[in-house]
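Below: the structure, in structure tokens.
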Amino acid sequence: VCEITGLEPGAVHNWIKRGYVNPPTGRKYSKSQVGRIILINMLRDTLALEKIAKILSHANGNLLDRADDIMDDSDIYSCLCDILIPAEKNEVIDIKELFKRTEAYLTDFKEPFPGAKERLELVLKIIICAWESAYFKKYADYLTEKIQM
């Protein structure tokens, strides 16, 4: 997991200790756990861990209990990739367009309970906003490097 994400083992252990990620079975993480770790890593440049936990809990209830999940974390990550990667290839940075793509992606989503689709859509939109914010922050940092002192 650390090789894939570039995270230090201590960061992942901290998230496990704080109840954001289930501990691995043996030394192996499940697909869902890897999805959760990647999602947290995607968001931590722009959001505090407590807010990330609140966002993920809005879609998946108790973060350590998969029984109440609206959508598996690996599927949330896959959904975001399906929305963001084509948008970035086409240089789409219009948040309204990204939100339309999110709504279209969820058109056939089967709710496990009433209101689940709305909750999931909100979570995806928050993650997309945070991702785009991180992109613009990195770009601003890049441009700032061009300032001569």
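First residue of the sequence shown? That's 7 in our numbering, and the numbers climb one at a time after it. A virtual CB, placed ideally from N, CA and C, is assigned to each residue, including glycine. Source: prediction; values computed, not measured.
Tell me which residue opens and which closes the alpha helix (DSSP H) that D88 is part of.
Here residue 88 refers to the residue found at position 82 when the sequence shown is read from its first residue. Taken as a continuous stretch (DSSP letters only), the alpha helix (DSSP H) holding D88 covers D79 to K95.
Three-way DSSP call (helix, strand, coil) for T150 in this model:
If you number the sequence shown from 1, residue 150 lands on position 144. Residue state, collapsed to three classes: helix.
Can you list the alpha helix (DSSP H) stretches of 4 or more residues lying completely in the region 43-73, in chain order?
Within the region 43-73, the complete alpha helix (DSSP H) runs of at least 4 residues are 55-66.
Are at least three pairs of beta-carbons, each pair with one atom in the region 52-62 and one in the region 12-19, less than 8 Å apart?
Too few Cβ pairs lie closer than 8 Å, so no.
Please classify L70 as buried or exposed, where buried requires at least 16 neighbouring CB atoms within 10 angstroms.
By one-based count along the sequence shown, residue 70 stands at place 64. Residue environment: L70 is assigned as exposed (fewer than 16 neighbouring CB atoms within 10 Å of its CB, all protein chains considered).
Count the CB pairs spanning the region 84-94 and the region 133-143 that are closer than 8 Å, and state whether there are at least three.
yes
State buried or exposed for I99, treating a residue as buried only when at least 16 other CB atoms are found within 10 Å of its CB.
Counting from 1 along the sequence shown, the entry for residue 99 is found at position 93. Exposed, by the Cβ-count rule.
Is K106 helix, strand or coil by DSSP?
Here residue 106 corresponds to residue number 100 of the sequence shown, with the count starting at 1. Of the three classes helix, strand and coil, the one that applies to K106 here is helix, per DSSP.
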